[in-house]
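Protein chains: 4
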Amino acid sequence: MEKIKVGVLGATGSVGQRFIQLLENHPFFTVTHLAASEKSAGKTYGEVMKSRWKISSDIPAYAKDIVITLPKPTDTKGVQLVFSGLDSSIAGEVETEYAESGVIVISNSKNHRMDPHVPLMSAEVNSEHLEVLKSQKTSGKIITNSNCTIMGVTISLKPLHDKYGIESVMLFSMQAISGAGYPGVPTMDILGNVVPYISGEEDKAEIEPQKCLGTVENGQIKSASFAISAHCNRVPVFDGHTVCVSVKFKKKPSKEDILKTWKEFSGEPQKLDLPLAPKQPIVYREEADRPQPRLDLDTGRGMATVVGRLREDSILDWKWVVLSHNTIRGAAGAALLNAELLYKKGLISS
Amino acid sequence: MEKIKVGVLGATGSVGQRFIQLLENHPFFTVTHLAASEKSAGKTYGEVMKSRWKISSDIPAYAKDIVITLPKPTDTKGVQLVFSGLDSSIAGEVETEYAESGVIVISNSKNHRMDPHVPLMSAEVNSEHLEVLKSQKTSGKIITNSNCTIMGVTISLKPLHDKYGIESVMLFSMQAISGAGYPGVPTMDILGNVVPYISGEEDKAEIEPQKCLGTVENGQIKSASFAISAHCNRVPVFDGHTVCVSVKFKKKPSKEDILKTWKEFSGEPQKLDLPLAPKQPIVYREEADRPQPRLDLDTGRGMATVVGRLREDSILDWKWVVLSHNTIRGAAGAALLNAELLYKKGLISS
Amino acid sequence: MEKIKVGVLGATGSVGQRFIQLLENHPFFTVTHLAASEKSAGKTYGEVMKSRWKISSDIPAYAKDIVITLPKPTDTKGVQLVFSGLDSSIAGEVETEYAESGVIVISNSKNHRMDPHVPLMSAEVNSEHLEVLKSQKTSGKIITNSNCTIMGVTISLKPLHDKYGIESVMLFSMQAISGAGYPGVPTMDILGNVVPYISGEEDKAEIEPQKCLGTVENGQIKSASFAISAHCNRVPVFDGHTVCVSVKFKKKPSKEDILKTWKEFSGEPQKLDLPLAPKQPIVYREEADRPQPRLDLDTGRGMATVVGRLREDSILDWKWVVLSHNTIRGAAGAALLNAELLYKKGLISS
Amino acid sequence: MEKIKVGVLGATGSVGQRFIQLLENHPFFTVTHLAASEKSAGKTYGEVMKSRWKISSDIPAYAKDIVITLPKPTDTKGVQLVFSGLDSSIAGEVETEYAESGVIVISNSKNHRMDPHVPLMSAEVNSEHLEVLKSQKTSGKIITNSNCTIMGVTISLKPLHDKYGIESVMLFSMQAISGAGYPGVPTMDILGNVVPYISGEEDKAEIEPQKCLGTVENGQIKSASFAISAHCNRVPVFDGHTVCVSVKFKKKPSKEDILKTWKEFSGEPQKLDLPLAPKQPIVYREEADRPQPRLDLDTGRGMATVVGRLREDSILDWKWVVLSHNTIRGAAGAALLNAELLYKKGLISS
């Protein structure tokens, strides 16, 4: 069976690099189109990235000789789907252009996330939101994934919300520096330090989970109606966002209820055995001091959500700690899993 | 006027070192007694500490020639007050022994903190709790200070509690490694990592602020009755605990109310112009990304509480960020300020 | 073909953990014997290591149920070879006891390293030193590998020494904290800091390379006769020792000579296609700022030596930078490669 | 006595900030002129620096209301001396313009450093080089200080060179991130990592010490003639460059000779009791593991050179470790000390 030709927009950035890495030898997709800004356009990916590749394995051989173009749908020669890691300053328009030209856009950017016609999708959580694609007026379609900070949190909430109803969530993040891209955070700001602020992050964290856990009504997504309060912090960790959450439920479950619910949770990616799907979407660690980025980040090849420290909360109902890999599960990996789901469900026409 | 002779118990540990440093050239106190474990007893402080002194200024000259003894009150030759940085495994008994022998014990250890006859004191917050000293049956008296994590939080709550009444507090800490003493946290556990757990810390954080903000009734301290939920985390920061708090009030103040209350807050240490008292106990930073350990830790020579990011909370009422220096304001400095207060109030008899 | 039964001495320590990890599903060896101190003896490995396992993948399933014994050869039931990661305070005697009982000891400890009858072996460098095993008087034999700091340095020198003769070597190391084991370096000593001293390290670095590059004469190993001066430093890096070297040759090669020599270098592990052998023992990076621990550590699954920045030295002849993985290539991996070599050469009798 | 009016060029950068801080309440100088690029010109320093001030004490009050201008000498209203922390892309021309307009330029930039008519001065080392100022043709004069990396090294060599003659020096640096300015090093490049390369640094390190230790001949400075080989590395340390050196002497001194020479070393800044002069220019630490940035950086308020680990070198003669504060002694502090020397010697006319 022939592979689908795909492209990566924003191929030179941090998320773009992860796309390039995760797409190496992919069973469904073959990368033929790499787009970036004017500085890089016209050069090969290998040439441009020689001193900018920041992942600890080498640049995949397949990508090195691809000549980078500008992010324009005119030039894509048979590409049916693009992954977008574009900067939000241009992602909105560029992604729309690709969609208008018939290309499916799997975007990690924030621009279209809150559009009620666009799924804000985490494949295990809300694949049924794909239904709203029909309501998009372009021939290509746009699917987004959520902000990295709340990705794991939302996964840990999903099966509990279904059974017990979430009423409110306090969340407190300790976010890795890779989340800010490259060059990103200056070392003078974060070495031996924490910064209790990330521009725009709390705003996203307080509205995106409700959309992910929302319902489709009249061809649009309607967000769930619980409240979230977020404190977002930057810490000197390379990869891996750790989030402490306190949650109030409509109907308070027991500890055993929660652990059992997490253990049994499984979504479409697991049913369809998607290449990037973690076997166990939520992994609970029993140790008192877990999860930790250093020890748990690679669980499920960076695609699992690792949870620990479930205990009663003296104000809300329960509290726990969530870890997820911000550039894999929280960004490029989540997007690729969404694309794999579309492929397996036959939603990428050829 | 002659200085009061004082001792330091646990003089070789992290908190002990801070005591030694802060007591250099102190106008009220002169150190004549240093006590530590058998390994160190009989040797001079300079000899023992040569490779164990971990503060970036040198060992104060005055301390170098003092011969360390075991922590026994029999040997103190005129010492009227001791500062205790003893390990909690022995602090309880040893401190009681000193108190029984007529010595005032200013303790940073947790053992006596929750005794209703013992002030859990932060000099700006609850100096009126000294009243319960009368109910202690020993000739010497024991005064404790709170855990480092909630020190700054409690100070930031104090004037608001007085005016508006605290109803509940969610707190999320990012705590420095110096809080674990030396050798303390192994580098393999925390370099480029966060650990979402500190043994015993959340328990203390959920009960100590209420005692600090409590009232004296029938010669005992009765804790205030609000609830606290704490998430305590270790981060790779050297000194300085950063705490995010969300607070619900009995009567919700406006933003201006809160800022004005903090600005005007002042306690007995300021009125009595105590040597270690910060001019401004609570310093509010207007910048979006403050307070930060690296930039704000030394505010008020490490004795001020630095607050920032006051904003509405979508679940409780208000949220903000608190920073305080864990080994100065949160430990040795708080204890010394308590001792200075006792001195100025004439509570150290000679 | 049946696998050889092997043991790991010092199984709970840092090097022991790496042995356990690298031996998972090994084609030649099966672990049946795990030895550690009294604290652990009698318990299963899984039980003991629950909170002490410090590698980011989980404890291999095979090891979890093995009951730990004391390091005594009496109890080994058919084990023909042991890997030793024992502390040097006991490694000398214990390893001799195992050897006397007929077991081959592959040791990472320093105790027997400088014995002229014991190979100090890096499989690509000096496999011909195995000849001296005959001169060992025990029925089992002891083979050691060098200190982690000079492992990569020695590999980078080997083919140049053969062709051009080393006359002198200045080396400056920046060593990872994992080299000190666990709990090892206290965070207060190294966070945001460097320590220009590692106990005993310079002494080893100044004599071990000469033995590795020595010759067999009269059944003993005679060290090569060049001089080394070492400056050893600890830096806040998790894994990976980076070493700057300046080298004077007997006959000065050209830059092209050196690069070609490194590129063509290959040893017995490559010829015999040993499971753990890196395809390319020495990998040269052309980029101006490489090698770096974060980007290059996993080259050849942590078994390759990564070299960069070859340039003329204004005092000696040439200078360059060497990186090797201190707990894989510099310790457990080097030892396992030595064992694989023995196996393939038929030196493990059964 | 009236203070001299001075300016700071490049006032918003890292070195500029240090100048502003060190000049607060200075007994000789009063800052009236702050210059920076177009982005800042026309605004007050306080306004511009609100979120860019990176030193842990607050912006000095005196500087906040000064309106920043472009770096042009036309607008300086009575300024007799400027401190330059300008970027090297413009420092050359701008500094010359100021000198031509009659202003003394104390520069931390590299542009004029190797001009034989310009002192490359470290006040304790080579104040006699001021003699060449006469040969500068401008009415104002330019005095530079050396690169931060070799500042402390050169001080440690100075008195030994005078007595025993330096023949060659190998140096290996571990340099703090603040040396790269702000935003400077991206965190993704250095967190838990080392980078064995700093652009242009080794070139400077291999020629500047010889000029500092050179002699005045025919009104020009002639560099000393020994060779240096440098390996320069970036490490995750905030402030403080640590340098390992191995040195060969013309006439080999004993260990006692060296220690005595360092202890007795003193220069003009000490004789003239300059405000910023460290009492002891070279401080030797006896402990096995010192100097370290964290513990020794503030020695002499960041103006002393801290040395340790003196031991024999098996290839050259002696080796040791040098630490100096890169943004104080290695940059702004060194420049200010040079200015203080000029003032006291009456070389700033008014």
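Residue numbers (the working numbering), protein chains in the order written: chain P, 1 to 350; chain F, 351 to 700; chain L, 701 to 1050; chain B, 1051 to 1400. Each residue gets a CB set at the ideal place from its N, CA and C atoms; glycine is no exception.
Contact set for GLY330/P: own chain, Cβ-Cβ below 6 Å, skip 5 residues either direction: Residue mapping note: residue 330/P aligns to position 330 of the first sequence, counting from 1. Excluding sequence neighbours, GLY330/P sits near CYS148, MET151 and SER324.
Nearest-angstrom Cα separation, counted from GLN920/L out to GLU828/L: Reading the third sequence from its first residue, position 128 is the one you call residue 828/L. Reading the third sequence from its first residue, position 220 is the one you call residue 920/L. Each residue's alpha carbon lies about 12 Å from the other.
Test: GLY802/L CB closer than 7 Å to a CB of chain P: For this step, residue 802/L is matched to residue 102 along the third sequence. No, its Cβ sits nowhere closer than 7 Å to a Cβ of chain P.
Helix, strand or coil at PHE1276/B [DSSP, three-state]: Taking the fourth sequence and counting its residues from 1, the one referred to as residue 1276/B is at position 226. PHE1276/B: coil per DSSP, three-state reduction.
Buried versus exposed call for ALA638/F [16 or more other C-beta atoms within 10 Å across all chains shown]: The residue you call residue 638/F lines up with position 288 of the second sequence. That one is exposed.
Burial state of MET1051/B (16 or more Cβ within 10 Å): Residue 1051/B sits at position 1 when you count from the first residue of the fourth sequence. MET1051/B should be labelled exposed.
Range of the contiguous alpha helix (DSSP H) that encloses HIS1076/B: By one-based count along the fourth sequence, residue 1076/B stands at place 26. Looking at the DSSP string, HIS1076/B is not in any alpha helix (DSSP H), and its letter there is neither H nor E.
Own chain partners of LYS110/P with C-beta closer than 6 Å, once the 5 adjacent residues on each side are dropped: To locate residue 110/P, count along the first sequence from 1; it is residue 110. Same-chain partners within the cutoff: SER88.
Cβ-based burial, SER714/L [other Cβ within 10 Å; buried from 16]: Sequence index remark: in the third sequence, residue 714/L carries index 14 (1-based). It counts as buried.
C-alpha distance - THR744/L paired with THR730/L, whole-angstrom precision: Translated into positions along the third sequence, residue 744/L becomes position 44. Translated into positions along the third sequence, residue 730/L becomes position 30. Rounded to the nearest angstrom, the two C-alpha atoms are 17 Å apart.
Beta carbon of ALA684/F nearer than 7 Å to that of ILE456/F: The count along the second sequence starts at 1 and reaches residue 684/F at position 334. The count along the second sequence starts at 1 and reaches residue 456/F at position 106. No, the pair does not count as a contact, with Cβ atoms beyond the cut-off.
Limits of the unbroken alpha helix (DSSP H) element including LEU431/F: Walking along the second sequence from the start, residue 431/F turns up at place 81. It is not in any alpha helix (DSSP H) - LEU431/F instead sits in the beta strand (DSSP E) that spans 431 to 434.
Buried/exposed call for GLY357/F, threshold 16 Cβ in 10 Å: Walking along the second sequence from the start, residue 357/F turns up at place 7. Flag for GLY357/F reads buried.
Backbone secondary structure at GLN1186/B - three-state DSSP: Counting from 1 along the fourth sequence, the entry for residue 1186/B is found at position 136. It is coil, neither helix nor strand.
Alpha-carbon spacing of LEU1326/B relative to ASP1346/B, whole angstroms: Stepping through the fourth sequence from its first residue, residue 1326/B is reached at position 276. Stepping through the fourth sequence from its first residue, residue 1346/B is reached at position 296. If I take the Cα positions, the gap works out to 17 Å.
Nearest-angstrom beta carbon gap, LEU624/F and LYS694/F [assumed within contact, 8 Å]: Position 344 of the second sequence, counting from 1, holds the residue named residue 694/F. Position 274 of the second sequence, counting from 1, holds the residue named residue 624/F. Their Cβ separation, rounded to whole angstroms, is 6 Å, which keeps LYS694/F and LEU624/F in contact under 8 Å.
Residue from THR592/F, LYS605/F, SER575/F and GLY564/F whose Cα sits closest to the Cα of VAL656/F: Residue mapping note: residue 656/F aligns to position 306 of the second sequence, counting from 1. Of the candidates THR592/F, LYS605/F, SER575/F and GLY564/F, the one whose C-alpha sits nearest the C-alpha of VAL656/F is THR592/F.
The stretch 479 to 498 of chain F contacting the stretch 441 to 449 of chain F, beta-carbon criterion three pairs below 8 Å: yes
C-alpha gap between GLY214/P and LYS50/P, whole angstroms: Indexing the first sequence from 1 puts residue 214/P at position 214. Indexing the first sequence from 1 puts residue 50/P at position 50. Going from the Cα of GLY214/P to the Cα of LYS50/P covers about 43 Å.
Start-end ranges of the beta strand (DSSP E) lying completely within the stretch 1234 to 1302 of chain B, minimum 3 residues: 1265 to 1267, 1270 to 1272, 1277 to 1284 and 1291 to 1299
Per DSSP, the bridge partner or partners of VAL1356/B: Numbered from its first residue, the fourth sequence carries residue 1356/B at position 306. DSSP lists VAL1333/B and LEU1373/B as partners of VAL1356/B.
Beta carbon proximity, PHE433/F to chain L, threshold 7 Å: By 1-based counting over the second sequence, the position of residue 433/F is 83. Output row for PHE433/F: interface = no.
Nearest to THR488/F (by Cα), restricted to the options VAL453/F, GLU374/F and TRP670/F: Reading the second sequence from its first residue, position 138 is the one you call residue 488/F. Nearest option by C-alpha distance: VAL453/F.
For SER822/L and CYS932/L, believed in contact at Cβ under 8 Å, the rounded distance: On the third sequence, position 232 is the one that residue 932/L refers to. On the third sequence, position 122 is the one that residue 822/L refers to. That pair is no contact at about 19 Å.
Best match in LEU1047/L, SER1014/L, GLU964/L and ARG813/L for proximity to ALA1280/B [C-alpha to C-alpha]: Numbered from 1 along the fourth sequence, position 230 holds the residue referred to as residue 1280/B. Answer by Cα proximity: SER1014/L.
Whether VAL1224/B touches SER1296/B by CB criterion (7 Å): Within the fourth sequence, residue 1224/B is the residue found at index 174, counting from 1. Within the fourth sequence, residue 1296/B is the residue found at index 246, counting from 1. Sequence check: residue 1224/B is Met here, not Val. Not a contact, by the Cβ cut-off of 7 Å.
Boundaries of the beta strand (DSSP E) in which ILE4/P is found, first to last residue: Numbered from 1 along the first sequence, position 4 holds the residue referred to as residue 4/P. Unbroken beta strand (DSSP E) run through ILE4/P: 4 to 9.
Cβ neighbour criterion (16 or more within 10 Å) applied to GLY967/L: Within the third sequence, the letter at position 267 stands for residue 967/L. Buried, since its Cβ has 16 or more Cβ neighbours within 10 Å.
Whole-angstrom C-beta distance between PRO603/F and LEU510/F, which should lie under 8 Å: The residue given as residue 510/F occupies position 160 in the second sequence. The residue given as residue 603/F occupies position 253 in the second sequence. Contact holds; Cβ gap of about 7 Å.
N- and C-terminal bounds of the alpha helix (DSSP H) containing GLU447/F: Mapped onto the second sequence, residue 447/F falls at position 97. First-last of the alpha helix (DSSP H) with GLU447/F: 438 to 450.
GLY85/P beta carbon less than 7 Å from that of LYS5/P: Walking along the first sequence from the start, residue 5/P turns up at place 5. Walking along the first sequence from the start, residue 85/P turns up at place 85. In this structure, GLY85/P does not lie closer than 7 Å to LYS5/P by Cβ.
Three-state class that DSSP yields for TRP53/P in the structure shown: As a working mapping, residue 53/P is identified with position 53 in the first sequence. Here TRP53/P sits in coil by DSSP.
Burial state of LYS300/F (16 or more Cβ within 10 Å): Because chain F in this structure spans residues 351 to 700, residue 300/F falls outside the shown range and cannot be described.
HIS383/F and THR426/F closer than 7 Å at C-beta: In the second sequence, residue 383/F corresponds to position 33, counting from 1. In the second sequence, residue 426/F corresponds to position 76, counting from 1. Yes, they are a contact pair.
Cβ neighbour criterion (16 or more within 10 Å) applied to ARG1102/B: Numbered from its first residue, the fourth sequence carries residue 1102/B at position 52. By the neighbour-count rule (16 or more Cβ atoms within 10 Å), ARG1102/B is not buried but exposed.
Chain-ordered residues of the stretch 524 to 553 of chain F with a beta carbon less than 7 Å from chain L: ILE527, SER528, TYR532, PRO533, GLY534, VAL535, PRO536, THR537, MET538, ILE540, LEU541 and GLY542
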